[in-house]
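Quick notes on the structure that follows.
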Amino acid sequence: MSDHHSHLKQAVQLALDGDWDGSHKIAQDFSDHYANWIHAVLHKIEGDEWNSKYWYKQTNGKQFEDYADSDDELMAIQHSLEG
């Protein structure tokens, strides 16, 4: 696993642990598909739908409506990062 993916997995774990700010600080340091997806979920959790939808548009196909549960979505991101 790349160092890059390790950082993003840490961001996912922080989000799952309720550390929105810590996760956000990591996600905003990267600009790939995974970081943008994490960023989108974080803003969904925050309740900022407009900003969340903006970041979903940067993910190449993910949609705000794809997951009803943010934890399930974060776990999907984590699984994708491990693949």
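Here the sequence shown is numbered in our numbering, starting from 182 and rising by one per residue.
For each residue, glycine too, the CB sits at the ideal point set by N, CA and C.
Out of 225, 215 and 220, point me to the one whose CA is closest to residue 264's CA. Distances from the CA of residue 264 to each of 225, 215 and 220 were compared; the closest alpha carbon is that of 215.
If you measure between the beta carbons of residue 262 and residue 189, is that distance less than 8 Å? yes
Go through its chain and collect everything with a Cβ distance to residue 248's Cβ below 6 Å, but skip five positions before and after it. Cβ neighbours of residue 248 beyond the five flanking positions: 254.
For residue 250 and residue 225, what's the separation of their Cα atoms in angstroms? 10 Å
Looking only at its chain, what residues have a beta carbon closer than 7 Å to the beta carbon of residue 236, apart from the 5 residues adjacent to it on each side? 217, 220, 221 and 224
From 245, 212, 204 and 260, residue whose alpha carbon lies closest to that of residue 229: 245
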